[in-house]
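To keep things clear, I will list the structure first and then write my remarks on it.
Residue numbers (the numbering used here): 387 to 741.
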């Protein structure tokens, strides 16, 4: 009986030892797992920290880029504002110059004489060409109490300009005048090249009452009628929005003949009287602007108006002709009495003037 109990206890002890060994192995395995987990955690923490640093560095770089872009954008905006201001100033200057150099002159009709024909012309008389040179005469506005005087020699004018004032004897009275240099208003010179087609005729005031194709057909039929002075049509150009267009004839002379009539009857849904004219092409070339100071002409200011205008002008001329007054031969003189204004014009070499 005791032997059986001893064997049972021995078995329990062995089982307990086995359980103890198993638990110890489990403990060792758990500790290894714990160490491995701790190691993995540390690696992950280190990776997280590294990535956080990389992220911070990237964000900082992006912020720097944004800051630089904003600064660049600000600089560009400032440059744009400056350029726009300069552009506006240039536009204002251009508008001022355009206004300054505009010529508001009604050019009178002038007879044109044919002089020669270009040898190298190969248009078979299809165009009439002309070149016109237009030169604006330099001028200055002469106000009351002022006089312009032009000497024969430049050195005389230079001598007078060195004097602060000149005392001119007028019978029993004396008048003090101040000599000044003169700056002329800007003036221009340019060429107008004119080209007139002898085959093309322009027309206007043609109402759009039919389809566009039928309008062209009616125009071609109407301008082809010899009974009305027309001729064979080569091409029709018509704008339905403006009622204007051009007719190109096959032969020269038809367009010129019809243009002299100024009007022409066109058959649409009814007869329409349209305006006709030649086609003129203009080109402005060799545009030049001039300004300067005449070297032989001076301006006399501060002249007191106490005598007749012609008498006082004579006294001025006599005074400035005398070498004893540092004067010389007077070529031209013009005096304007108080309250008046006169536009004085100069010739191209500024040697003569007329008012």
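Idealized CB from N, CA, C, for every residue including glycine.
Alpha-carbon to alpha-carbon, residue 578 and residue 604: Inter-residue distance for residue 604 and residue 578 is about 37 Å (C-alpha atoms, whole angstroms).
Thinking C-alpha only, which one of 630, 651, 580 is nearest residue 612? Ranking 630, 651, 580 by Cα distance to residue 612 puts 651 first.
Near residue 705, which residues of its chain fall below 6 Å by C-beta distance, leaving aside the five closest residues on each side in sequence? Apart from sequence neighbours up to five positions away, the residues of its chain that approach residue 705 with a beta-carbon distance below 6 Å are 554, 711, ordered along the chain.
For residue 678 and residue 703, the rounded distance between their alpha carbons: Cα to Cα, residue 703 sits roughly 25 Å from residue 678.
Cross-strand partners of residue 621 (DSSP beta bridge): DSSP output for residue 621 lists 634 as bridge partner(s).
CB of residue 521 within 8 Å of CB of residue 683, strictly: No, Cβ-Cβ distance for residue 521 and residue 683 is not below 8 Å.
As assigned by DSSP and simplified to three states, the class of residue 521: Of the three classes helix, strand and coil, the one that applies to residue 521 here is strand, per DSSP.
In this structure, how does DSSP classify residue 588 when only helix, strand and coil are distinguished? Residue 588 falls in the strand class under three-state DSSP.
Looking at the strands, I want to know which residues DSSP matches up with residue 650. For residue 650, which the question treats as bridged, DSSP gives the partners 660.
Residue 495: first and last residue of the uninterrupted beta strand (DSSP E) it sits in: Annotation for residue 495: no beta strand (DSSP E) segment contains it, and DSSP assigns it neither H nor E.
Can you list, in chain order, the stretches of the beta strand (DSSP E) that have 3 or more residues and sit fully within the region 516-564? The beta strand (DSSP E) runs lying completely inside the region 516-564 and spanning 3 residues or more are 525-529, 532-537, 552-556, given in chain order.
Other residues of its chain near residue 556: CB distance less than 7 Å, five sequence neighbours each side excluded: If we look at residue 556 and ignore the five residues flanking it on each side, its Cβ neighbours are 693, 698, 701.
Alpha carbon to alpha carbon, how far is residue 438 from residue 428? Give it in angstroms, no decimals. Going by the C-alpha atoms only, they are around 15 Å apart.
Would you check if the distance between the CB atom of residue 592 and the CB atom of residue 658 is smaller than 8 Å? Yes.
Mapping DSSP to helix, strand and coil, what is residue 464? Looking at residue 464 - three-state DSSP - the assignment turns out to be helix.
Can you tell me which of the three DSSP states residue 690 falls into? Coil, per DSSP.
Under the three-state reduction of DSSP, which class applies to residue 513: helix, strand or coil? Strand, per DSSP.
Using DSSP's beta-bridge definition, name the partner residues of residue 574. For residue 574, which the question treats as bridged, DSSP gives the partners 675.
Cα-Cα separation, residue 743 to residue 635: Past the boundaries of the shown model lies residue 743; the chain is included only from 387 to 741, so the question cannot be answered.
Where residue 545 and residue 536 are concerned, what is the direct C-alpha to C-alpha distance, given to the nearest angstrom? Residue 545 and residue 536 have their C-alpha atoms spaced approximately 13 Å apart.
Beta-carbon separation (whole angstroms), residue 534 vs residue 528, contact threshold 8 Å: 6 Å between Cβ atoms; contact.
How about residue 655 and residue 587: are their beta carbons less than 8 Å apart? No; because the gap between Cβ atoms is not below 8 Å, this pair is not in contact.
Please identify the residue among 622, 495, 393 whose C-alpha is closest to the C-alpha of residue 518. Here the closest residue by C-alpha is 495.
Use the C-beta contact count for residue 744: other C-beta atoms within 10 angstroms, 16 or more gives buried, fewer gives exposed. The chain is shown from 387 up to 741; residue 744 falls before or after that span and cannot be answered.
Are the CB atoms of residue 574 and residue 674 nearer to each other than 8 Å? Yes, these two residues count as a Cβ contact at 8 Å.
Could you compute how far the alpha carbon of residue 738 sits from the alpha carbon of residue 717? Unreliable placement is indicated for residue 738, whose pLDDT of 38 sits below 50; no coordinate value is reported for it.
Determine the extent of the alpha helix (DSSP H) in which residue 598 is found, giving its start and end residues. Looking at the DSSP string, the run of the alpha helix (DSSP H) that includes residue 598 is 598-609.
Per DSSP, what are the beta-bridge partners of residue 579 in this structure? Residue 579 is bridged to 517, 669.
Label residue 686 either buried or exposed according to how many other C-beta atoms from any shown protein chain fall within 10 Å of its C-beta, with 16 as the threshold for buried. Buried.
Would residue 567 be called buried (16 or more neighbouring beta carbons within 10 Å of its own) or exposed? Classification for residue 567: exposed.
Could you tell me the alpha carbon to alpha carbon distance between residue 647 and residue 614, rounded to whole angstroms? Near 11 Å, if we compare the C-alpha coordinates of residue 614 and residue 647.
For residue 473, which of helix, strand or coil comes out of DSSP? In the structure shown, residue 473 sits in a helix (DSSP, three-state: H, G or I).
Does residue 715 come out as helix, strand or coil in the three-state DSSP assignment? Secondary structure at residue 715: coil, using DSSP grouped into helix, strand and coil.
Measuring only the C-alpha atoms, how far is residue 629 from residue 470? One C-alpha to the other measures close to 41 Å.
Confirm, please, whether the CB-CB distance from residue 688 to residue 531 is below 8 Å. A contact, by the Cβ cut-off of 8 Å.
Just the C-alpha distance for residue 481 and residue 641, rounded to the nearest angstrom, thanks. Each residue's Cα considered, the two are about 39 Å apart.
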